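Here the sequence shown is numbered in my numbering, starting from 293 and rising by one per residue.
Contents: one structure, followed by commentary.
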Amino acid sequence: MKLDFGDITKENIEQQIKNINRNAFPVLYNDAFYDEVVGAANGGANIYASWKDIPVGAVCSRIEELADGRRQLYLMTIAVLAPYRGRGIGTRLIERVLEYCTQSGISEVSLHVQVSNYDAMRFYTSKFNFTKGAMVENYYRRIDPPNCYHLYKKLD
293 MKLDFGDITK ENIEQQIKNI NRNAFPVLYN DAFYDEVVGA ANGGANIYAS WKDIPVGAVC
353 SRIEELADGR RQLYLMTIAV LAPYRGRGIG TRLIERVLEY CTQSGISEVS LHVQVSNYDA
413 MRFYTSKFNF TKGAMVENYY RRIDPPNCYH LYKKLD
């Protein structure tokens with residue numbers, strides 16, 4: 293499958309990226325979330341994938357300073373539209389994000405995964421060697437179950 297990749301910008305976030313997230317997640321993200329994505333200085337890690345000019349997947353992230361001064365990339369969302377799953381799109385998105393992190397001196401990538409999302413946990417731990425960290429109780433407010441695991445990958 294030939295994919296094209298692009299940075300998430302204010303020009304494409306309204307129609308394309310919001311549509312992907314609306315169709316992939318059980319919660320709606322507010323405008324402040326999308327403003328943070330567009331305003332982030334990490335364009336290589338806020339990306340979307342398209343197939344034949346159809347946006348089919350996206351990653352939204354932010355860079356955070358750790359207590360010891362290192363930087364981590366926090367994956368806020370990664371989504372692939374249901375009809376396009378299982379075709380390697382998520383893998384290619386994460387590969388691009390990890391490449392960006394390595395080139396940018398980011399030392400860790402982390403995210404939270406709902407405890408019932410076994411496929412996502414397997415995806416990150418098996419394909420990309422993320423470590424399954426502690427369970428965080430009541431992380432989610434509007435979905436059930438509300439608990440998640442913190443997954444992370446050290447890059448240095």
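Built from N, CA and C at the ideal position, the CB exists for glycine as well.
Just so we're clear, the structure is a prediction, and the values are computed from it rather than from any experiment.
Taking residue i as the reference, which of the options has the closest Cα?
| i | options | result |
| --- | --- | --- |
| K446 | N338, L367, V401 | V401 |
| I309 | P318, V330, K294, M293 | V330 |
| I305 | V351, D296, D448 | V351 |
| A332 | L367, D296, A359, Y376 | L367 |
| E303 | R434, L373, R314, D327 | D327 |
| S353 | T301, D448, G378 | T301 |
| N409 | F317, N334, I355, R433 | F317 |
| E356 | R433, D411, Y376, A337 | A337 |
| D411 | R377, V428, R433 | R377 |
| F415 | G380, D448, R433 | G380 |
Can you check whether the CB of residue j is closer than 8 Å to the CB of residue i?
| i | j | result |
| --- | --- | --- |
| L443 | L403 | yes |
| G243 | I346 | Residue 243 lies beyond the residue range present for the chain, which begins at 293 and ends at 448; the question has no answer from this structure. |
| S396 | R362 | no |
| L373 | N315 | yes |
| Y431 | N439 | yes |
| L358 | C393 | no |
| L530 | W343 | Residue 530 is absent from the structure shown; the chain starts at 293 and stops at 448. |
| V407 | P437 | yes |
| N334 | T369 | no |
Should residue i go down as buried or exposed, given a rule of 16 or more other Cβ atoms within 10 Å for buried?
| i | result |
| --- | --- |
| G382 | buried |
| V319 | exposed |
| A426 | exposed |
| Y441 | buried |
| I435 | exposed |
| A324 | exposed |
| G349 | buried |
State the DSSP-derived secondary structure class of residue i, mapped to helix, strand or coil.
| i | result |
| --- | --- |
| A341 | strand |
| K310 | helix |
| K294 | coil |
| D299 | strand |
| Y326 | helix |
Review point. Which parts of the region 346-433 are runs of the beta strand (DSSP E), unbroken and 3 residues or longer, counting only runs that do not cross its ends?
Key: 346-357, 363-372, 400-406, 423-428
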